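Remember, this note's numbering sits 47 above the position in the sequence shown when you count from 1.
Everything on this sheet refers to the single structure shown next.
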Amino acid sequence: MTSFAEFLRTSGTVAEEELAAAVERTGDSPQLGRFLVDRGLISEQLHARALAATTGYPFHDLSDLRADPDAIALVPRSLSRRLNVLPLFVEGDRLQLAMLDPTDIVAIDDVSSVTDRVVSPLVVAADALQNAFSHYLRSDTELSNLSAQIGENAAETAALPEATTDEDAPVVRFVNLLIMQAINDRASDIHIEPGERYLKVRYRIDGVLHEMQRVDRNIQDGIISRLKIMASLDIAERRVPQDGRISVDRMGTKVDLRIATLPTVWGEKIVMRILSDASARMQMRDLNFSEANSAAFTESITRTNGMVLVTGPTGSGKSTTLYTALRSISTNAVNVITVEDPVEYRMPGINQVQVNPRAGLTFETALRSILRSDPDILLVGEIRDKQTAMLSVEAALTGHLVMSTLHTNDAPSALTRLIEMGCEPYLVSSALTAVVAQRLARRLCTQCRRPADVSASFLESIAFPEPAPGTSHTIYEAVGCAACANTGYRGRVGVHEVMTLSEEIEQLLVNEASSAELRDFAIDQGMRSLRDDGWLKVAAGLTTLDEVYRVTA
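The following block contains the structure:
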């Protein structure tokens, strides 16, 4: 057997200085691997391989999602999820058990007692185990059974909502399963929507809503009360919207959810935004900028002053892009302050301010105070009004790097939007350095995608890029398989439009040119439109023609 550090050093995936610093902080132990995974320096699979090498247990690749259903049935689903294990195969009196920690004697004893078999641990990657859970241990049937139990005791639950704090109560188990299933399905939002006869639960996965549960309406009060208790909200107040936050534990990792209630005619609708830690750990390369767009964006965020805007509709990944950019340029040598509504991801080493309008802390008042706190870099969550726009522009002109978001359809429209808000054209042209418009297209599942039959004449009609001499494009279409829940897509990929302000564009802006004129001139100067950037993603096999049309329509 070898040590963790030796295995990782041999793999060559971690720079020696980064590995040495990590060892100094955690020691040469399993905690070293988790530390590196959390910082995006190694993959979950490499971590599992290192754990197998250091413990002497075999590594098993779960990516093909092959397991014996009879073996899985030997262990109760709730126990498998609680212990983070999955039975794979039975060989005689031995049970091959997928585990994250093969040295967990308690888990091995529990499974051995339940199955009356000798357990042989197999080390698996955490992300692969979660994929297997979502495939083999879906909670749909269990949720339906629990909803029936809750319905039988609906009157009791409504009368005593505080009883829902009992961890064994059906309503508590229902809510916990609902949240965990959403996390396992890679959902970004959970919608709980009351209706006249049914309570509907929908997950937003890869930007598209999918109905997951439809249960009798009489369990509504118990579920909503439980969620309000978890978010420390007033369960007696049902007339006005409320906002809160929930933290749950998933495989030893804390997952935060932002919860919002909204009174409707049939009761309170609840939406929970799952704040994925994967987004908080993204690197610049994970944003999927094309080479030219990456160079332009990187140049704009590494300047000492100026304003960089990211535009797009709600849910297009604007905040993720700004957080990733901020993380790449934040060092001990600069003072970084953000003002957000709300603060979604806590970032170490960065001063984050959450607005509180009830207390008088708005974007405007927060910005005025922040500018007296000697900042080098400012992140303004969103420019919504004239005062915030003017303060942001002035900050960019007085030696600060300002990053913010704006709701416009494309990059050139951001310039005219600032002017419409009341900013002077000459100030906007001097302050702005770059505008990024972006969308999120669903990423093709690589396990089931297949080449699409697309005619050359059609590609020519949509101005699809020609392949480089001596090469060819393969355009794929979505199919659907178990790995992607039969959607054909798994994850999302960014589509971008990056507009940098040249002297000519600045002059056009001062002369009050329209957004269409600015757009035409920027394209003449080399800006690639959202759709054209989408074609590059299609040519790279990352998404489909239909997806690019959908997000750039």
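C-beta atoms are modelled at their ideal positions from N, C-alpha and C, and glycine is treated no differently.
For clarity, every value in this text was computed on a predicted model and none was experimentally measured.
Indicate the three-state DSSP secondary structure (helix, strand or coil) for residue i in the structure shown.
i, result
"P36", "Past the edges of the chain, shown from 48 to 600, lies residue 36, and the structure says nothing about it."
"N382", "coil"
"V219", "helix"
"L589", "coil"
"T211", "Unreliable placement is indicated for T211, whose pLDDT of 46 sits below 50; the coordinate value is still reported in the next sentence. Helix."
"E471", "coil"
"D268", "helix"
"V137", "strand"
"A202", "No answer about A202 holds up, because its pLDDT of 49 lies below 50 and its placement is not dependable."
"Y104", "coil"
"E564", "helix"
"H447", "coil"
"H520", "coil"
"S167", "strand"
"Q289", "strand"
"A372", "helix"
"S337", "coil"
"S279", "coil"
"R486", "strand"
"P459", "helix"
"Q78", "helix"
For residue i and residue j, I'd like the C-alpha separation in whole angstroms.
i, j, result
"V122", "L142", "11 Å"
"T463", "K433", "13 Å"
"R405", "S125", "43 Å"
"E507", "V501", "11 Å"
"D156", "A114", "21 Å"
"V585", "D593", "10 Å"
"S235", "K275", "19 Å"
"G80", "L491", "30 Å"
"S272", "P310", "14 Å"
"R489", "V255", "9 Å"
"V625", "A52", "There is simply no residue 625 to check, as the chain begins at 48 and stops at 600 in what is shown."
"I417", "T493", "46 Å"
"D290", "A307", "5 Å"
"L565", "I430", "21 Å"
"L98", "S294", "28 Å"
"M319", "F180", "22 Å"
"G446", "V219", "52 Å"
"L225", "H238", "11 Å"
"N340", "T599", "17 Å"
"A283", "D567", "56 Å"
"A413", "I270", "37 Å"
"S595", "I570", "Correcting the residue type first, residue 595 is Val in the shown sequence and not Ser. Going from the Cα of V595 to the Cα of I570 covers about 19 Å."
"G581", "E524", "15 Å"
"E240", "I317", "7 Å"
"D35", "L304", "Summary: the structure shown does not reach residue 35, with the chain confined to residues 48 through 600, and so no result is reported for it."
"R233", "S110", "16 Å"
I'd like the list of long-range same chain contacts for residue i, defined as Cβ closer than 7 Å, with 5 residues on each side in sequence excluded.
i, result
"L43", "In this structure the chain extends from 48 to 600, so residue 43 is not present and cannot be described."
"P77", "F51 and L98"
"K301", "S294"
What do you reckon, are the CB atoms on residue i and residue j nearer than 9 Å?
i, j, result
"A484", "M546", "yes"
"T378", "Q399", "no"
"V427", "F410", "yes"
"D253", "R537", "yes"
"Q260", "G314", "no"
"R328", "G573", "no"
"L135", "A118", "yes"
"D457", "L556", "no"
"V158", "L130", "yes"
"L280", "V262", "no"
"P512", "L583", "yes"
"D151", "Q92", "no"
Please look up how many angstroms separate the CB atoms of residue i and residue j, rounded, as I've assumed it's under 8 Å.
i, j, result
"G541", "L487", "6 Å"
"L133", "L176", "6 Å"
"A481", "S347", "4 Å"
"A145", "L169", "5 Å"
"R244", "E258", "The Cβ separation is near 15 Å, so there is no contact."
Just to confirm my understanding: we take residue i, look at its own chain, exclude 5 residues before and 5 after, and list those with CB closer than 6 Å. What are they?
i, result
"V449", "M354, L425, S439, A442 and A443"
"T358", "L453, T455, A461 and A484"
"N231", "Q177, F180 and S181"
Report all residues from its chain with a CB closer than 8 Å to the CB of residue i; omit the five preceding and five following residues, and keep chain order.
i, result
"F336", "F344, G541, H543 and V545"
"E209", "Residue placement at E209 is poorly supported in this model, since its pLDDT is 45, which falls under 50; the coordinates still yield a value, given next. Taken in chain order, the residues that qualify are I276."
"T349", "I376"
"G396", "S377, N379 and V383"
"V287", "P310"
"V165", "D140, R141, L142 and S159"
"V526", "C492, C495, R496, R497 and G535"
For chain C, find out if any of its Cβ atoms is closer than 9 Å to the Cβ of residue i; answer yes or no.
i, result
"R297", "In the structure shown, chain C cannot be found, because there is only a single protein chain."
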